[in-house]
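Chains A and B, in that order, are what the protein sequence lines are. Under this note's numbering, the first residue of the first sequence is numbered 4, with each subsequent residue one higher. Under this note's numbering, the first residue of the second sequence is numbered 4, with each subsequent residue one higher. Note that CB positions come from ideal geometry on N, CA and C, so glycine has one too. Have a look at the structure below before the remarks.
Protein chains: 2
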Amino acid sequence: MAAYIQTVMETRRYARVLARLRSVGLRPTRQRLALARLLFDGGNRHVTAEQLHSEALEANIRVSLATIYNTLHQFTRAGLLREVVVDHGRAYFDTNTKEHHHFLFEDSGRLQDIPSKGVTVTGLPAAPSGTTVSRIEVIIRLREHGSSQ
Amino acid sequence: MAAYIQTVMETRRYARVLARLRSVGLRPTRQRLALARLLFDGGNRHVTAEQLHSEALEANIRVSLATIYNTLHQFTRAGLLREVVVDHGRAYFDTNTKEHHHFLFEDSGRLQDIPSKGVTVTGLPAAPSGTTVSRIEVIIRLREHGSSQ
DNA sequence: TCAATAGTTTAGAACAATTCCAAACTACTT
DNA sequence: AAGTAGTTTGGAATTGTTCTAAACTATTGA
Ligand SMILES: [Mn+2]
Ligand SMILES: [Mn+2]
Ligand SMILES: [Zn+2]
Ligand SMILES: [Zn+2]
């Protein structure tokens, strides 16, 4: 019956992901379902295309890298992901789409969320005329001090 | 005598750039002198490698793209420039090395300085233990509203 | 249930930005 | 003037990403 419960939970998760894809008008294909689960089952994450691709292969999900890119962009357009730019050369996709900021561990390149709640930026000049603020991004770059300087 | 004054000013600028390179231990080569003047004579700027390369060619300075990259990185390491990351795919180099933030015009990709003076970020959690804040970056993404949405 | 259709996936080519390489060159020292 | 270490360069290589066109598949509605 442990196995039975397992199956029920499985089915639930599956249904949730399926509904999510449907709700944004994307066909629930094998690849998208699998990727959605890697991305959204579990806590918030910051992934690169390559990372997600490796994870998929490790989990025995056959997906091409082109599909990874397609999917990440479609999910982003659909508001399921957001892109974070902290490093030229690599695009990070963030499963946390709520307004929030980031710690960046410079050495490892790892990102960590800072809840927006409480954080305020004051003293900013008004947006230049003819423009609207689409987002304020705060990135706190951290140097790890210890072994390797 | 207008020509004479011109020459004096030229000499001054040259001397300044030369001293600047010497002070950071970089040999004042033809290429570095020319690039330093494109970068530092005049107001603060945000340039990409390609942009600087075109400017150099337009000004009849023969420099390879490899040298542009070498120089930009050497200047950055020497603290004469700083790198700003706002767009994956392209590296921007900023001649303003003082602490400051940026407006980013999303459509054009153009950056505009926001003096740090006055701007405060409050409510941030402490830096994770074992780390030090190396820089706080605030980027305000702007959408230009008008002709093209 | 079975086309027809529109949307999706894929391998591989193409692309853009950047880095690497090893040979030629040049600034500085002696 | 010669020696040395630092610099420049064209071109090849690498990296991350996008494009392409052909094969495949989910959806629809007859
Ligand atoms: Mn992108
Ligand atoms: Mn760089
Ligand atoms: Zn995040
Ligand atoms: Zn700036």
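Annotation for residue 76 of chain B: no beta strand (DSSP E) segment contains it, though the alpha helix (DSSP H) segment containing it runs 68-80. Residue 23 of chain B has no beta-bridge partner at all, per DSSP. Here residue 8 of chain B carries a helix assignment [DSSP, helix/strand/coil].
Residues are counted here when their Cβ sits less than 7 Å from a Cβ of chain B; for the segment 77-100 of chain A these are 88, 89, 90, 91, 92, 93 and 94, given in chain order.
Assigned with DSSP and collapsed to three states, residue 85 of chain B falls in strand.
In the same chain as residue 81 of chain A, and ignoring 5 residues on each side of it, the C-beta atoms closer than 6 Å to its own belong to 27, in chain order.
For residue 148 of chain A, the nearest CB of chain B lies under 8 Å from its own CB, placing it at the interface with that chain. In this structure, residue 90 of chain A has its CB at a distance of at least 7 Å from all heavy atoms of ligand 3. Listed along the chain, the chain B residues whose CB falls inside 7 Å of the CB of residue 71 of chain A amount to none; the nearest CB is some 16 Å away. Taking 8 Å as the cut-off, the beta carbon of residue 91 of chain A is found closer than this to the beta carbon of residue 88 of chain B.
The Cβ atoms of residue 64 of chain A and residue 37 of chain A lie closer than 8 Å to each other. Any heavy atom of ligand 4 within less than 5 Å of a residue's beta carbon puts that residue on the list, which reads B:97, B:99 and B:116. Residue-level contact by beta carbon holds for residue 138 of chain A and chain B, with a gap shorter than 8 Å. The beta-carbon of residue 123 of chain A is placed less than 8 Å from the nearest beta-carbon of chain B. Note on geometry: alpha-carbon atoms of residue 73 of chain B and residue 23 of chain B lie some 17 Å from one another. Annotation: the continuous alpha helix (DSSP H) that includes residue 35 of chain B extends over 33-43. Taking a beta-carbon distance threshold of 8 Å, residue 141 of chain A counts as an interface residue toward chain B. For residue 109 of chain B, the closest C-alpha among the options B:17, B:132 and B:142 is that of B:142. In the DSSP secondary-structure assignment, residue 49 of chain B is bridged to B:97. Close partners of residue 145 of chain B in chain A (Cβ separation under 8 Å): 130, 131, 134, 135, 136 and 137. Among the residues facing chain B, residue 64 of chain A is not included, as its CB has no counterpart in that chain under 8 Å away.
When Cβ-Cβ separations below 8 Å define contact, residue 127 of chain A makes contact with chain B. Checking the DSSP bridge columns, you'll see residue 15 of chain A has no partner listed.
If you check the CB distance, residue 95 of chain B and residue 68 of chain B do not come in under 8 Å.
The shortest CA-to-CA distance from residue 43 of chain A to any of A:125, A:75, A:103 and A:70 is the one to A:75. For residue 49 of chain A, the distance from the CB to the nearest heavy atom of ligand 3 is below 7 Å.
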